[in-house]
Every structure is written in structure tokens, then in C-alpha cells.
């Protein structure tokens with residue numbers, strides 16, 4: 001492994017939970033979450049070389065993961081790459097209390113459309129409006145407005 | 001209407017991330033590729049054994065019978081023993097050969113490799129001595145003690161046989177270790193993941 005690969009591998013290890021969380025929230029089953037996770041890692045690797053650290057690494061990872069999941073959702077399962085790259089966890093079938101809690105969150109977030117899902121996830125993770133705006137590519141003010149609407153939507157359902 | 005609690009959602013996402021923090025990324029495909037490489041070592045050991053058997057069966061009986069160093073009974077016994085060893089190798093390797101590494105689940109692969117390792121070790125610790133000791137004793141008797149020409153020391157004639165046996169044993173043990181280590185490596189890698 002060269003230095004670049006080692007650096008990438010470390011970056012993936014340190015941020016795997018964030019990446020997987022995004023993929024999970026945009027998936028409907030265990031296979032899909034694996035596909036999205038794998039595709040996100042491929043896209044991160046493709047962009048890793050050109051990443052200039054102009055934004056925070058976590059923001060960049062979020063952007064790549066969100067873009068991958070949102071665009072992959074549109075072309076649903078058209079991914080041809082079949083290198084199974086995932087984690088040994090099944091958040092869809094495990095029946096322990098914690099997983100049930102996680103599933104409840106998944107169900108709530110799944111009710112939203114794709115962009116709203118991305119926004120609410122970042123908000124729940126405690127990202128600032130500025131960071132969310134940077135990832136999604138909208139103004140900070142717009143983030144605030146959208147989040148108010150999303151919260152209303154979630155309350156209504 | 002469900003009363004939504006955003007704090008609860010925050011806790012749930014924290015819970016999810018904590019769960020994921022304890023997970024390792026499994027690269028199943030990579031693991032299979034590594035396993036396949038180790039399987040190559042195991043197969044190579046098998047092929048080397050078969051090549052040796054084939055050479056032995058062609059060269060050994062004709063040479064020995066022509067030179068008259070060993071009796072016909074001993075040469076036949078040696079050939080039967082070599083064939084038996086070849087069958088033993090085939091038998092131990094058979095489950096490994098039948099396994100499709102790319103489609104079989106990794107738990108099965110680990111199980112087959114564990115059985116292979118166990119049988120390989122059993123062969124070394126039980127079958128090898130029980131075949132080798134009588135064969136070697138007979139070889140020493142035939143070569144150094146039976147019909148010894150006058151003036152020749154039987155003990156001195158025993159030395160080349162024993163040296164040959166030690167060299168053969170070391171080579172065989174080296175092959176054995178390579179195959180067992182490769183199996184160990186496969187099992188360890190699967191267990192670690």
C-alpha cells in the first residue's frame with residue numbers, strides 16, 4: 001500500500017460510521033446499504049487525490065456520500081461493481097433494543113424526500129447551518145427555512 | 001398522531017454511530033482473493049507430492065530392480081507405500097479441491113480448512129511414523145545388513161540411508177509446514193473478519 005492508499009484507508013476507518021449512516025438512511029434493505037457504501041467509497045477514492053482541504057474533511061465526506069446516495073437512488077441498483085464492501089451489521093433484521101431504536105429513526109427519516117433526508121441527518125448530527133449549507137449547496141438562510149419545514153413535516157406524520 | 005421528539009432522534013443517531021464505530025469494514029472479495037492466494041500454496045504442495053510420486057514410480061522400481069540393491073518384495077512394498085501416500089494426499093485435499101472459493105460462504109471455507117489442517121497434522125504425527133519406521137528399518141536391513149560384502153562395515157553403510165531419510169524428512173516437513181501455515185493463515189484471516 002502506498003502512502004496515499006494508507007491515508008485513504010485511515011480516513012475511511014475514521015469516518016466509516018458517518019459514511020455508513022448516510023448510506024443506511026438512503027437505503028431500503030441490507031443489500032442496498034452495501035451497494036451504496038461501496039459506491040460511496042469508490043467515489044471518495046476517486047475524489048481523494050483532488051481533495052485540496054479547502055473545506056473540512058468531514059464536510060467533503062458528507063458531500064460525496066450524500067451525492068452518491070441521492071444520485072444512486074435515482075438510478076436505483078444500476079451499479080455494476082460487485083465488490084462486497086460493507087460491515088458485518090444488519091440494521092434491518094437484528095432485533096435488539098438498540099437496533100429497534102435505530103430502525104425507528106430510519107423509518108422517520110425515510111418519510112422525507114431525498115434532500116430533506118440529507119438536511120435533517122446533518123442537523124441531527126449537530127452540524128452547523130454553515131456546514132450544512134456547504135454540503136448541500138444552498139444559502140445558510142435557506143437551510144434554516146428548510147429545517148423548520150422539515151421539522152413541521154416530521155411532527156405532522 | 002405521533003409526538004416526535006427530536007432529542008430522541010439525536011440520541012438514536014448517536015446510538016447508530018456508536019454501534020457502527022465498533023464494526024470493521026469487511027472486504028469479502030479481498031478476503032477471498034487472499035484466501036485464493038493461500039490456497040495456491042496448498043495446491044502446489046499437493047502437485048509437488050504427485051510429481052514426486054510419479055517420478056518415484058517410474059524411476060525407482062526399474063533402477064532398484066536393475067541394480068539389485070533391494071529385494072523385489074521391498075521395491076513392491078515401497079511402490080505400494082508411495083501410492084498409499086499419494087491417495088492419502090488426494091483424500092486430505094479432496095474437500096479443499098471441491099470447494100468453490102468464490103461462492104462458498106466463508107464460515108464453510110474456514111471449516112474445510114480446519115479439517116484439512118487437522119487431517120494433515122494427523123498424517124504427520126501418526127501415519128508418517130507408522131509407515132516410515134518399518135520402511136526405513138527394512139531399507140537399512142536390505143542395504144546394510146543383508147548380504148553385506150566382506151570387508152564392508154554395516155554401520156557405515158547405514159549412514160547414507162539415514163542421511164537420505166533425514167533429508168527426505170526435512171523436505172517433507174517443510175512442505176507440510178507450508179500447507180498447514182497456508183491453511184492457518186486462511187482460517188485466521190476469516191476469523192479476524
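Protein chains in written order, with the numbering used here: chain H, 1 to 157; chain Z, 1 to 193.
No residue lacks a Cβ here, since even glycine has one placed at the ideal position from N, Cα and C.
* Find the residues of chain Z that neighbour residue 21 of chain H, judging by a C-beta separation of less than 8 Å, and give them in chain order. => If you number the first chain from 1, residue 21 of chain H lands on position 21. Correct list: 13, 16, 17 and 20.
* To do: Compare the C-alpha of residue 142 of chain H against each of H:124, H:156 and H:115 and name the closest.
  => Mapped onto the first chain, residue 142 of chain H falls at position 142. Among H:124, H:156 and H:115, the Cα nearest to that of residue 142 of chain H belongs to H:115.
* Enumerate in chain order the residues of its own chain whose CB-to-CB distance from residue 176 of chain Z is below 6 Å, with the five nearest sequence positions on each side excluded. => Position 176 of the second chain holds residue 176 of chain Z. Result list for residue 176 of chain Z: 124, in chain order.
* For the segment 29-50 of chain H, which residues have a beta carbon sitting closer than 7 Å to at least one beta carbon of chain Z? -> Nothing from the segment 29-50 of chain H brings a Cβ to less than 7 Å from some Cβ of chain Z.
* To do: Identify every run of the alpha helix (DSSP H) within the segment 16-80 of chain H, keeping only runs that are complete inside it and at least 4 residues long; order them along the chain.
  => Given a length threshold of 4 residues, each whole run of the alpha helix (DSSP H) inside the segment 16-80 of chain H is given here in chain order: 30-48 and 57-75.
* Under 9 Å between the Cβ atoms of residue 123 of chain H and residue 132 of chain H? -> Taking the first chain and counting its residues from 1, the one referred to as residue 123 of chain H is at position 123. Taking the first chain and counting its residues from 1, the one referred to as residue 132 of chain H is at position 132. Residue 123 of chain H is a Cβ neighbour of residue 132 of chain H, given a cutoff of 9 Å.
* Between residue 78 of chain H and chain Z, is there a C-beta pair that is closer than 9 Å? -> In the first chain, counting from the first residue as 1, residue 78 of chain H sits at position 78. Caution is warranted here: a pLDDT of 49 is assigned to residue 78 of chain H, below 50, making its placement in the model unreliable, and the coordinate value is therefore given only provisionally. No Cβ of chain Z is located within less than 9 Å of the beta carbon of residue 78 of chain H.
* Asked: With DSSP run on the structure shown, which of helix, strand or coil describes residue 117 of chain Z?
  -> Locating residue 117 of chain Z in the second chain gives position 117, where the first residue counts as 1. Three-state result, residue 117 of chain Z: helix.
* Where residue 5 of chain Z falls, given that 16 or more other Cβ within 10 Å makes a residue buried -> Stepping through the second chain from its first residue, residue 5 of chain Z is reached at position 5. With a threshold of 16 other beta carbon atoms within 10 Å, residue 5 of chain Z falls short and is exposed.
* What do you reckon, are the CB atoms on residue 30 of chain H and residue 93 of chain H nearer than 9 Å? -> Numbered from 1 along the first chain, position 30 holds the residue referred to as residue 30 of chain H. Numbered from 1 along the first chain, position 93 holds the residue referred to as residue 93 of chain H. Taking 9 Å as the cut-off, the beta carbon of residue 30 of chain H is found closer than this to the beta carbon of residue 93 of chain H.
* At least one CB of chain Z closer than 9 Å to the CB of residue 61 of chain H: is that the case? -> By 1-based counting over the first chain, the position of residue 61 of chain H is 61. So no, residue 61 of chain H is outside the interface.
* **Contacting residues, own chain, Cβ-Cβ under 7 Å from residue 130 of chain H (five flanking each side not counted)** => The residue labelled residue 130 of chain H in the question sits at position 130 within the first chain. If you ignore the 5 residues before and after residue 130 of chain H, its C-beta comes within less than 7 Å of the C-beta of 140, all in its own chain and listed in chain order.
* Which value, in whole angstroms, describes the spacing of the CA atoms of residue 26 of chain H and residue 69 of chain H? -> Within the first chain, residue 26 of chain H is the residue found at index 26, counting from 1. Within the first chain, residue 69 of chain H is the residue found at index 69, counting from 1. One C-alpha to the other measures close to 6 Å.
* **Contact belief for residue 119 of chain H with residue 153 of chain H at Cβ below 8 Å, rounded distance in angstroms** => Taking the first residue of the first chain as 1, we reach residue 119 of chain H at position 119. Taking the first residue of the first chain as 1, we reach residue 153 of chain H at position 153. Wrong, their Cβ atoms sit about 11 Å apart, outside the cutoff.
* So residue 100 of chain Z is in the alpha helix (DSSP H); what residue range does that whole segment cover? -> Here residue 100 of chain Z refers to the residue found at position 100 when the second chain is read from its first residue. Looking at the DSSP string, residue 100 of chain Z is not in any alpha helix (DSSP H), and its letter there is neither H nor E.
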